[in-house]
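Everything on this sheet refers to the single structure shown next.
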Amino acid sequence: MDKPLTQILTRDYLMWVSEKSSFESAQAVQNIEVYKASPTHIEASVYEIPGKPYTVTIDSDMTGTSATATSSCTCHLDQPWCKHSIAVALLFCRKVKNSSKPGLDRDAIFDRFLQEATRKELVDVLDGLRHELGLNENNLIVPAVLSVGTPEETSAVIAMSVRTLLTVSGVYNSADKIPEDDHLYEDWQMTIGSFNLLLGDERGARLLPTIEEMIEALYVLADRDEHYTTFLGLTINLHLAYCCMYGIDSRHVVSWLENNIEAIDSRLPVYDFSPYVQCVNHLDLATAMNRAIEAKNKILDAYLSLIAYDPEPYRALLAERGNWFALANNYGEHGELDKAREIIAKAQTPNSGVTIAPDELAELIRLSETAEE
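For what it's worth, the working numbering labels the leading residue of the sequence shown as 49, then goes sequentially.
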């Protein structure tokens with residue numbers, strides 16, 4: 049289907065197609081009579097000489113995915129776009145704020161440049177832009193590395209970008225307040241998204257140190273602004289996926305869990321570490337559990353045991369904390385519906401010692417009813 053002429057004809061387009069000085073000359077043409085106009089076809093008479101009109105026709109032309117306009121005129125100038133055709137076309141251009149200062153349709157120009165420029169022209173523009181940017185060339189280097197970089201180059205440029213983000217976020221400042229910047233949340237989302245895009249790709253094979261650095265930084269930010277707990281959870285998910293996809297050494301993963309579980313639990317209580325079972329050796333995990341028991345570290349013991357398919361220490365921790373909602377959920381997830389219903393019943397009994405918020409209680413009741421069906 050041909051594109052409407054009103055979407056093709058712009059002052060920029062007409063300046064581009066005009067020959068010699070036809071665009072400038074068209075500004076002086078005044079006596080025009082349009083006698084046929086449809087979305088894709090225009091016919092008009094141009095009276096440059098009284099009583100001797102020139103007939104102008106303009107049509108929309110769709111060739112492949114490219115829409116253009118073609119014109120013809122009965123004048124003697126023998127140009128595809130003479131001043132008479134340009135003058136008629138100008139009547140159908142989209143309005144501009146100040147017609148004496150025609151604006152450029154920048155999107156159309158850039159789209160046309162991408163479609164029609166030679167590879168050499170594109171390369172020359174990018175190369176010239178890089179030299180103009182000088183020290184501020186990251187906007188070009190980062191996408192270049194993400195497209196064709198080696199694992200080492202990708203790791204280096206991602207680490208550089210993350211450290212810049214941490215600096216802007218105020219991680220390295222002693223002040224308790226995060227800088228006021230409306231774009232910081234968006235920057236964090238985009239950064240985490242870039243890691244997700246690299247997961248499973250050979251270029252992302254050396255990003256683990258940067259992911260772990262991000263998690264440590266997010267401890268600081270989450271303590272200052274609770275919104276960052278969301279990013280903390282997403283980055284831990286990223287860490288888990290990375291460890292599984294790239295076969296990270298089990299001893300490193302277990303050591304990292306030992307060093308970070310308590311910090312994560314204090315900011316994201318009930319975070320589910322159990323999927324880490326996919327990327328740890330059971331002997332390494334058992335050794336870490338023994339260390340936690342010897343140190344009488346109930347939090348570490350609870351989560352490590354949960355990873356090892358023993359939920360009881362974790363359940364005891366939830367009961368000790370009075371987190372009955374999470375405890376009932378855990379029973380339900382493991383198919384122990386009777387124990388989950390027992391907690392639900394106690395929560396509805398006054399002075400039972402079990403308290404669950406009304407909205408959470410309603411959710412548990414719905415889940416238990418669904419499980420029965």
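Yeah, the Cβ is synthetic: ideal placement off N, Cα and C, and Gly gets one too.
Given the structure is predicted, the values throughout are model-derived calculations rather than measurements.
In its own chain, which residues sit with a C-beta less than 8 Å from the C-beta of residue i, not counting the 5 before and 5 after it?
i, result
"A334", "A356"
"S416", "G380, L385, A388, R389, I392"
"L174", "L188"
"P52", "P87, T88, S108"
"R369", "P317"
"E360", "S353"
For the beta strand (DSSP E) containing residue i, name the first residue and the last one.
i, result
"P101", "100–111"
"V82", "80–86"
"A356", "From DSSP, A356 is part of no beta strand (DSSP E); its letter is neither H nor E."
"S93", "89–97"
"T116", "114–121"
Which residues in the same chain have their Cβ closer than 7 Å to the Cβ of residue i, if we skip the five residues on either side of it in sequence?
i, result
"L354", "F321, S322, Y362"
"E310", "I347, L348"
"P199", "E250, R251, A253, R254"
"R211", "none"
"A92", "I80, E81, V82, Y83, V104, V136"
"Q127", "E67, S70"
Answer with buried or exposed for residue i, where buried requires no fewer than 16 other C-beta atoms within 10 angstroms of its C-beta.
i, result
"S314", "exposed"
"T58", "buried"
"R414", "exposed"
"M110", "exposed"
"H89", "exposed"
"S114", "exposed"
"S69", "exposed"
"K145", "Low local confidence applies: a pLDDT of 44 at K145 is under 50, so the model's placement there is unreliable, and no value is given."
"T463", "The structure shown does not extend to residue 463, since the chain is modelled only from 49 to 421, so the question has no answer here."
"L412", "buried"
"H231", "exposed"
"I312", "buried"
"L214", "buried"
"T166", "exposed"
"L62", "buried"
"F161", "exposed"
"M262", "buried"
"L256", "buried"
"T397", "exposed"
"L181", "exposed"
"P191", "exposed"
"A76", "exposed"
"I259", "buried"
"V219", "buried"
"A410", "exposed"
"S217", "buried"
Can you name the start and end residues of the alpha helix (DSSP H) that residue i belongs to?
i, result
"C291", "276–293"
"S209", "199–216"
"A367", "360–369"
"A24", "In the structure as shown, the chain begins at 49 and stops at 421. Residue 24 is therefore absent and cannot be evaluated."
"S303", "298–315"
"K168", "167–181"
"F158", "154–164"
"P128", "Unbroken run through P128: none, as it is neither H nor E."
"L255", "Taken as a continuous stretch (DSSP letters only), L255 belongs to no alpha helix (DSSP H), as it is neither H nor E."
"N338", "330–342"
"Y61", "59–65"
"Y233", "232–246"
"S69", "Careful: S69 lies outside any alpha helix (DSSP H) and carries neither H nor E."
Is it the case that the Cβ atoms of residue i and residue j are separated by a distance below 8 Å?
i, j, result
"A393", "A376", "no"
"R272", "T202", "no"
"I240", "L286", "yes"
"T118", "D107", "yes"
"L138", "A74", "yes"
"G281", "L245", "no"
"V205", "V193", "yes"
"D60", "A207", "no"
CB-CB under 6 Å to residue i, same chain, minus the five flanking residues each way: which ones, in chain order?
i, result
"S66", "W129, I134"
"A336", "V302, E306, L352"
"V325", "I355"
"G248", "M293"
"I56", "A115, A117"
"W372", "I391, V402, I404"
"L188", "R178"
"C291", "V301, C327"
"Y276", "L266, L269, A270"
"F243", "L286"
"Y102", "V94, C121, T122, C123, H132"
"L366", "A374, L375"
"K299", "Residue 299 is actually Arg in this sequence, not Lys. Around R299: D332."
"N329", "S298"
"W46", "Any property of residue 46 remains undetermined from this structure, which presents the chain solely from 49 to 421."
Is residue i close to the ligand FMN? I mean its beta-carbon at under 7 Å from any heavy atom of the ligand.
i, result
"T105", "What this structure holds is no ligand at all, so the ligand FMN is not there to describe."
Problem set entry | contact_flag[the region 337–347, the region 377–386] where n(CB pairs < 8 Å) is 3 or more | Three or more beta-carbon pairs separated by less than 8 Å are not found between the region 337–347 and the region 377–386, which leaves the two stretches without contact.
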